[in-house]
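The structure appears right after this line, and notes come after that.
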Amino acid sequence: MAGGAAVAPAGRRQDYPGGLTPFVFMACLLAATGGLIFGYDIGISGGVTSMDPFLVRFFPSVYRKQAEAADGGNQYCKFDSQLLTLFTSSLYVAALVASLFAASVTRAAGRKWSIFYGGLTFLAGCVLNGTAMNVTMLILGRVLLGIGVGFANQSVPVYLSEMAPARMRGMLNNSFQLMITLGILFVNLINYGTDRIAGGWGWRLSLALAAVPAAIITIGSLFLPDTPNSLLERGRSEEARRMLRRVRGTDDVSAEYDDLVAAGDASRAVSRPWRDILRRKHRPQLVMAVAIPLFQQLTGINVIMFYAPVLFKTLGFGGSASLMSAVITGLVNLASTLVSVFTVDRVGRRALLLEGGAQMLAGQVAVGALIGAKFGWSGVATIPAGYAAAVVVVMCAYVAGFAWSWGPLGWLVPSEVMPLEVRPAGQSITVAVNMLMTFAVAQSFLPMLCRLKFVLFFFFAACVVVMTLFVAFFLPETKGVPIEDMAGIWKAHWYWKRFVDDGEDADGRGDVEMGIVV
Numbered sequence: 001m002a003g004g005a006a007v008a009p010a011g012r013r014q015d016y017p018g019g020l021t022p023f024v025f026m027a028c029l030l031a032a033t034g035g036l037i038f039g040y041d042i043g044i045s046g047g048v049t050s051m052d053p054f055l056v057r058f059f060p061s062v063y064r065k066q067a068e069a070a071d072g073g074n075q076y077c078k079f080d081s082q083l084l085t086l087f088t089s090s091l092y093v094a095a096l097v098a099s100l101f102a103a104s105v106t107r108a109a110g111r112k113w114s115i116f117y118g119g120l121t122f123l124a125g126c127v128l129n130g131t132a133m134n135v136t137m138l139i140l141g142r143v144l145l146g147i148g149v150g151f152a153n154q155s156v157p158v159y160l161s162e163m164a165p166a167r168m169r170g171m172l173n174n175s176f177q178l179m180i181t182l183g184i185l186f187v188n189l190i191n192y193g194t195d196r197i198a199g200g201w202g203w204r205l206s207l208a209l210a211a212v213p214a215a216i217i218t219i220g221s222l223f224l225p226d227t228p229n230s231l232l233e234r235g236r237s238e239e240a241r242r243m244l245r246r247v248r249g250t251d252d253v254s255a256e257y258d259d260l261v262a263a264g265d266a267s268r269a270v271s272r273p274w275r276d277i278l279r280r281k282h283r284p285q286l287v288m289a290v291a292i293p294l295f296q297q298l299t300g301i302n303v304i305m306f307y308a309p310v311l312f313k314t315l316g317f318g319g320s321a322s323l324m325s326a327v328i329t330g331l332v333n334l335a336s337t338l339v340s341v342f343t344v345d346r347v348g349r350r351a352l353l354l355e356g357g358a359q360m361l362a363g364q365v366a367v368g369a370l371i372g373a374k375f376g377w378s379g380v381a382t383i384p385a386g387y388a389a390a391v392v393v394v395m396c397a398y399v400a401g402f403a404w405s406w407g408p409l410g411w412l413v414p415s416e417v418m419p420l421e422v423r424p425a426g427q428s429i430t431v432a433v434n435m436l437m438t439f440a441v442a443q444s445f446l447p448m449l450c451r452l453k454f455v456l457f458f459f460f461a462a463c464v465v466v467m468t469l470f471v472a473f474f475l476p477e478t479k480g481v482p483i484e485d486m487a488g489i490w491k492a493h494w495y496w497k498r499f500v501d502d503g504e505d506a507d508g509r510g511d512v513e514m515g516i517v518v
C-alpha cells in the first residue's frame with residue numbers, strides 16, 4: 001500500500017507527507033464498483049426464485065410444493081429443492097476456483113487487469129442468464145458470473161488497501177462493501193418492479209440487468225491507474241515513484257517509497273507465494289485469511305440476503321410483500337454500511353466487530369424464538385400482520401449489526417494484514433474460503449430449514465458466539481497502521497508473537513508445517 005503513516009521503533013505513529021487526493025478518491029470509488037456485481041448477484045437469485053413465472057418455467061416441482069403449502073402444508077419445506085439451491089450456489093463454486101487463478105493474474109499483470117477480466121466474464125454470464133431457455137443455460141450463466149465475481153473479489157480489496165492512506169484505509173476499503181450493499185438494494189428494487197410486469201417475463205429483465213454494473217466495472221477498470229505496490233512488484237520502479245507522487249499529491253515521498261521498495265524487493269524474492277504463505281512467520285495472516293471469511297459466512301447473513309424474498313414468503317408474506325420486505329432489509333444494510341465507512345478509522349476494527357457480534361447474536365436468537373413460537377415443529381401457521389412486522393424489525397436489527405461489522409471488515413482485515421510478497425495469494429485464500437462457505441450455506445440452507453426448522457437460527461447464533469470470542473482473543477487492532485508495518489502488531493500480540501518472533505529457521509527459511517494454531 002502507498003502508506004499513510006509510519007510507526008517509529010518506540011511504537012509512536014508519524015504521518016507520511018501527503019494524504020487523500022481527489023485522484024486517489026476517484027480511483028478507489030471506481031474500483032469499488034466491482035462490489036456492485038457481487039451485491040447484484042447476491043440479491044438476484046432469491047428475487048427471481050420468489051417469482052411464480054420463473055418457478056413454473058424452470059422449477060415446476062417447487063411451484064407445486066409452494067401451492068400445497070399455501071393450502072395448509074409445511075411452510076418450512078416448500079422451497080426445499082437441491083436443483084433450486086444449485087441455481088443459487090453454482091456461482092460460488094466457480095468463484096472459488098477463479099479466485100485461485102486470479103492471484104497469478106493479479107501479481108503478473110496488475111490489479112486493474114484482474115478487475116477487467118472479472119467484469120468481462122460477468123458480462124458474458126449476464127447474456128446467458130437473460131436469454132436462458134432451460135436450467136442448464138441458467139447454471140452455465142451462473143458459472144460465468146462466478147468467474148467474474150472471483151476475479152473482482154480477489155483484486156478489488158487489494159487495490160483499495162494499496163491505494164489508500166493508512167489513516168483512511170478502512171473508510172476507502174469499506175467502499176467495496178458499500179457497493180455490495182448498493183448492488184443488493186438495486187436488485188431488490190428491480191425485482192419488486194419486474195415482478196409486476198404483465199406477461200410473466202420480468203425475471204428475464206432482472207437477470208439481464210446485471211449487465212449494467214458489469215459494464216460499469218469493465219469499462220471503468222480500463223481507466224484505473226496501477227498501484228505503486230503493483231508497479232514495484234513487477235520491477236517498474238520509476239513508474240512506481242511517479243505514481244506515488246501522484247496519489248499522495250506531493251513530491252516528498254522518499255520515506256514512503258523506501259518502505260515500498262523494501263516490500264517490493266521481498267515480494268520479488270518470493271517465487272512461490274503459495275508455499276511462502278505457509279511459513280511459520282506468516283501463520284497469523286494465514287489464520288486470518290481462513291478464519292475471517294469462514295466466520296463471516298457463518299453469521300448467517302447470506303441466508304437473509306440470498307433468500308430474503310423466499311424466507312419472507314415462507315413466513316407467510318405475499319409475493320410482492322416478500323419482495324418489499326427484502327427492499328427494507330436492503331435499505332437497512334446500506335445505511336448501516338455507511339456507519340462503518342465513517343467510523344471504522346475512528347473506533348477501530350475490534351470495537352465494531354465485537355459490538356456487531358453482540359447485536360447479531362441477539363437478532364438470531366430473537367428471530368428463532370419468534371418463528372419457533374408461531375410455527376413450532378409443524379411449520380403450519382398463519383402469521384398476523386403485526387407479528388410479521390415484528391419479524392422484519394428484528395431481522396433489520398440483525399442486518400444492521402452485520403453491515404457495520406463483519407460485512408465490510410470481513411473484506412478489509414484480511415486484505416490489510418498481508419505482506420506484499422504473499423498478498424495476492426492471501427487474498428485468493430480469503431476469497432476462496434468465502435466462496436466455499438457461501439456455497440455451503442446457499443446449498444444447505446433450504447434443506448436445513450426444512451429439517452431443523454426454527455432451531456437453524458439458534459445454530460447461527462452459536463456460530464456468532466464463537467467468532468466474537470475469536471475476535472476478542474486473537475485479532476489485534478489494525479487501525480491506522482501502515483500496511484508495510486503491519487508485522488509489528490503480531491509481534492506485540494500475546495499469542496501470535498510466538499510465531500513471528502521465532503518464525504525463521506537458522507537458514508532463513510520458514511517452517512511450512514501447518515500445525516494447530518488456535
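Position 92 of the sequence shown, counting from 1, maps to 92 under full-length UniProt numbering, and the rest follow consecutively. Ideal placement from N, C-alpha and C gives every residue a C-beta, glycine not left out. All of these numbers come straight from a predicted model, not from anything done at the bench.
| Check | Outcome |
| --- | --- |
| Cβ-heavy atom distance, Arg283 to the ligand NAD, below 8 Å | Ligands in the displayed structure: none, and consequently the ligand NAD is not present. |
| Where Ile44 falls, given that 16 or more other Cβ within 10 Å makes a residue buried | buried |
| Local Cβ density within 10 Å of Tyr192, reported as buried at 16 or more and exposed below that | buried |
| Reduced DSSP secondary structure (H/G/I, E/B, other) of Asn134 | coil |
| Length at least 4, wholly inside the region 233-260: the alpha helix (DSSP H) runs in chain order | 237-248 |
| Beta-carbon proximity check, Gln177 vs Ala403, cutoff 9 Å | yes |
| Same chain, Cβ closer than 6 Å to Val135, neighbours up to 5 away in sequence not counted | Phe58 |
| Coil, strand or helix - Gly300 by DSSP | coil |
| Start-to-end residues for the alpha helix (DSSP H) that takes in Pro476 | Note, Pro476: premise wrong, no alpha helix (DSSP H); not H, not E. |
| Neighbourhood of Thr343 by C-beta, 8 Å cutoff - its chain only, sequence neighbours within 5 removed | Leu352, Trp404 |
| Ala362 to Ala461 span [Cα, whole Å] | 8 Å |
| Local conformation of Arg451 per DSSP, three classes | helix |
| Pairwise C-alpha distance: Leu456 and Val464 | 13 Å |
| Straight-line Cα distance separating Leu145 from Val93 | 11 Å |
| First through last residue of the alpha helix (DSSP H) which encompasses Arg349 | 349-375 |
| Limits of the alpha helix (DSSP H) - the one that Ala166 falls within | No alpha helix (DSSP H) contains Ala166, which DSSP labels as neither H nor E. |
| For Asn229, the nearest candidate out of Leu222, Ile217, Ala215, Leu244 (CA to CA) | Leu244 |
| Cβ contact (3+ pairs, closer than 8 Å) linking the region 148-163 and the region 100-112 | yes |
| C-alpha gap between Gly35 and Ile139, whole angstroms | 21 Å |
| Proximity below 9 Å, CB of Ile37 to CB of Ala214 | yes |
| First and last residue of the uninterrupted alpha helix (DSSP H) at Ile197 | Element bounds for Ile197: n/a, residue is neither H nor E. |
| Reduced DSSP secondary structure (H/G/I, E/B, other) of Gly3 | Residue placement at Gly3 cannot be trusted, given a pLDDT of 39 that sits under 50; what the coordinates show is reported in the next sentence. Coil, per DSSP. |
| Pick from Leu160, Gly372, Thr478 that is closest to Val347, judged by C-alpha positions | Thr478 |
| Three-state secondary structure assigned by DSSP to Pro482 | coil |
| Neighbourhood of Tyr40 by C-beta distance below 6 Å, restricted to the same chain and skipping five residues each side | Gly183, Val187, Ala210, Pro213 |
| Cα-Cα separation between Pro53 and Trp203, rounded to whole angstroms | 8 Å |
| Among Leu354, Glu239, Ala335, Ala400, nearest to Ile304 - alpha-carbon criterion | Ala400 |
| Coarse secondary structure for Phe59, derived from DSSP in three states | coil |
| Backbone secondary structure at Pro22 - three-state DSSP | helix |
| For Ser428, the nearest candidate out of Lys453, Pro384, Pro273, Ala385 (CA to CA) | Pro273 |
| Stretch pair the region 220-229 + the region 104-113: three plus CB contacts closer than 8 Å | yes |
| Closest by C-alpha distance to Leu120, when choosing among Arg142, Ile147, Arg64 | Ile147 |
| Inter-residue Cα distance where the pair is Met51 and Ala472 | 43 Å |
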